[in-house]
Amino acid sequence: MAYISFSAEGDSLSVFRDALRKNRISCSLQQIRGGIFYARTAAGNRRRILSLAETHRVRLVILSEHGLRFRLMPYRFRFGVLCGLLLGLMFLYWCNATVRSIEITGNTTISDDEILTALASLGVERGTPVRSIPFTYVEQRMRLNVRDIEWISLRHEGGRLIVDLTEERKPPEIDRSHMPANIIAAVPAQITSVNVLGGHAVKQAGDTVKAGELLITGVQPDLRGTTRWYRAKGTVTGIYQEQFRCEQPFVAELPVRGNTVTKPLLEVFGKRFSLSLTSDAPESGDWIYEENRQPLKLFRFTLPLTLIDCHYTEPATALTVFSEEEARAVLEESAARFERNFHANDTVISRKAEFTRTDLGISLNINYVFEGSIGKTSEIFVKLS
C-alpha cells in the first residue's frame, strides 16, 4: 500500500487538524514536536490534504513517499524498460496461449509417433494457439483416424496439451493348440524317421511321399465306431530336393544417395522459424528427410530453443559394373542367405552348384539335397450335421 509522510505548521494548525477529521482523512503516527504536526496517510489523500493546507494557510511539507507507484515514477519516461516489460508480458501470454508440449497417457500398443502424426494432420502440434483448437472435433476425428482408440480426451493446462486415451480391448486370440489337425507332407520326400506325440502315424520310415500326402492323422474311431478328432503332434524328417537359382548382371543400376540440401531451423516452444533465405523445403521430388536436433543450453539449464538441421536427400541411381569375381561373390552370398533363412535347421546332404556365364552376366544354379522336417500342420474342418 502506498502512503506519504508529511509535516504541517502554522497559526491555524488546530483548525487544519479538525478539518482532517471532518473530511474523514485517516492519519496514523500523529505527533506534535516543536509546534510541528507530523503524520502519515494514504497516497490517495495527497491532493485533499494539500487543498486543506492551502485553505487554512498551513505550510505543508511532504517528507517521504513510499510504495511501488513512487518507485516506478522515475522510470515512466524510460521507454526501453516499458517495452521490455510489455514484451515480457506478451511472451508469458504466448507461452500459456500456445501448445508448448504434448503429453500422451493411456497408450500401450499405439505409439506416441502415430498419435502425434494424427494430431498434426488435424492442425494440432507444438506452437498451435490453444484457442484455435476445436477440442470436440479433434477428439471425434482421432477416434476415426487412429485405430484401436476407444476413448480420447484433450485438455490443456497452460501450455501443456494432455491427451488421455483408452485403447480398445481386443478379443482373445483363438487358441489353435487344441483344434483338430493332421500333419501332412510339405514337400516330396523319402521319410527317414517318424516321432508321434499325438494322433496315429500313417507313414513309416523308408516310405516315399508326395507333397500334401497324409503323414500323421488326427482322425481316429473308437471301439464303438464313433469317429473322434484329435490334434496330431509329432516330427517327421525326410530327405528331399530343392533348387536355388539366381542371376547377377555385370552392369546393374543401384540406388545411391543423391544431392543433399540442408535447411537450418530454430524451434521456439515447438514453433519452427527458418534461418535460411531460401524456401524451407524442396518444392517437388521424392526426397529423403533427416534432421539433427541440438538443444541450446545456458550453463546447466536447457533453454526452450533448439537448432535443427533439416537434410533433404534426393534419391538417385548409378550404374555399377561388376567383374566376374565380384558377380560370383554376390551370387555366393545370396545362396548363403538362402541357406541361413530357410534351411538353418536342416542338414545339407549334397550341394551341386553350377555357374553359367553369358555376355550380360552370370547365373548360379544349385541343386540341394536336404534332410530335415517335412511335416506341416493342416487343420481338420468338420461339417456338423
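Under our numbering, think of the first position of the sequence shown as 3, with each following residue one higher.
Idealized CB from N, CA, C, for every residue including glycine.
Cβ separation of residue i and residue j, assumed to be a contact under 8 Å, to the nearest whole Å
i      : j      : result
Thr264 : Trp289 : About 12 Å separates the two Cβ atoms, so there is no contact after all.
Gln245 : Asn369 : 6 Å
Glu159 : Ile112 : About 23 Å; that fails the 8 Å criterion.
Ile185 : Val221 : That pair is no contact at about 12 Å.
Gly208 : Ala187 : The Cβ separation is near 14 Å, so there is no contact.
Glu293 : Ile310 : 6 Å
Glu105 : Ile164 : 5 Å
Gly108 : Leu146 : About 18 Å separates the two Cβ atoms, so there is no contact after all.
Val60  : Ser14  : 6 Å
Gln250 : Phe324 : 7 Å
Val126 : Val148 : No, Val126 and Val148 are not in contact; Cβ-Cβ is about 13 Å, not under 8 Å.
Ala21  : Cys29  : Going by Cβ atoms, the distance from Ala21 to Cys29 rounds to 12 Å, so no, they are not a contact pair.
Thr308 : Pro317 : In fact, because the Cβ distance is near 28 Å, the residues do not count as touching under 8 Å.
Ala254 : Thr360 : In fact, because the Cβ distance is near 14 Å, the residues do not count as touching under 8 Å.
Distance, residue j Cα to residue i Cα
i      : j      : result
Ser53  : Leu88  : 36 Å
Glu67  : Ala45  : 8 Å
Val17  : Arg73  : 33 Å
Phe271 : Arg128 : 7 Å
Tyr232 : Thr319 : 56 Å
Ala346 : Ile241 : 15 Å
Phe137 : Arg143 : 10 Å
Phe372 : Arg247 : 16 Å
Gly86  : Tyr95  : 14 Å
Val204 : Lys212 : 13 Å
Ala4   : Ile27  : 15 Å
Glu381 : Glu356 : 40 Å
Gly200 : Gly236 : 7 Å
Gly12  : Arg49  : 19 Å
Val189 : Ser365 : 25 Å
Ser336 : Gln192 : 28 Å
Arg330 : Phe252 : 10 Å
Val362 : Gln243 : At residue 362 the sequence reads Leu, which differs from the Val that was named. Cα to Cα, the separation comes out at about 29 Å.
Ala407 : Phe383 : This structure cannot speak to residue 407, because the chain is shown only from 3 to 387.
Ile218 : Val350 : 25 Å
Gly374 : Asp348 : 5 Å
Lys172 : Ala120 : 22 Å
Leu124 : Lys378 : 48 Å
Ser276 : Ala122 : 19 Å
Pro266 : Gly90  : 27 Å
Thr262 : His313 : 6 Å
Thr210 : Val196 : 13 Å
Pro131 : Glu269 : 16 Å
Ser103 : Leu118 : 11 Å
Glu116 : Arg302 : 32 Å
Phe39  : Ser7   : 11 Å
Asp150 : Val258 : 38 Å
Thr110 : Glu152 : 13 Å
Lys306 : Leu156 : The sequence given here places Pro at residue 306; Lys does not occur at that position. Cα to Cα, the separation comes out at about 23 Å.
Gly227 : Phe340 : 48 Å
Leu333 : Lys354 : 14 Å
The alpha helix (DSSP H) enclosing residue i, as first and last residue numbers
i     : result
Arg23 : Leu15 to Lys24
Residue range of the unbroken beta strand (DSSP E) whose run includes residue i
i      : result
Arg359 : Thr349 to Arg359
Ile193 : Ala191 to Gly200
Ile27  : Neither: Ile27 is in no beta strand (DSSP E) and is coded neither H nor E.
Ser53  : Element bounds for Ser53: not the beta strand (DSSP E) but the alpha helix (DSSP H), Arg48 to Thr57.
Val323 : Phe303 to Val323
Phe8   : Tyr5 to Glu11
Ile376 : No beta strand (DSSP E) contains Ile376, which DSSP labels as neither H nor E.
Leu362 : No beta strand (DSSP E) holds Leu362; DSSP gives it neither H nor E.
Phe39  : Ile38 to Ala44
Ala183 : Ala183 to Ala187
Strand pairing of residue i, partner residues [DSSP]
i      : result
Ala346 : Answer by DSSP bridge pairing: none, since Ala346 is not bridged.
Asn369 : Gln245 and Lys354
Leu62  : Ala10
Arg102 : Answer is none; Arg102 lacks a bridge partner.
Ala329 : For Ala329, which the question treats as bridged, DSSP gives no partner whatsoever.
Arg35  : Ile38
Ala203 : Ile218
Glu67  : Ile6
Val211 : Ala191
Leu300 : Phe303
Minimum Cβ-Cβ distance from residue i to chain C less than 8 Å
i      : result
Ala329 : Protein chain content of the structure displayed is limited to a single chain, and chain C is not contained in it.
beta-carbon residue i near the ligand SAM non-hydrogen atom, thresh 7 Å
i      : result
Asn109 : Here there are no bound small molecules, and the ligand SAM is not part of this structure.
Subject >> Continuous beta strand (DSSP E) assignments of at least 3 residues falling wholly in the region 222-298 >> reply: 229-231, 235-251, 253-270 and 273-276
Original post:
Which whole runs of the alpha helix (DSSP H) in the region 107-179 are 4 residues long or more, in chain order?
Top reply: 114-123 and 137-147
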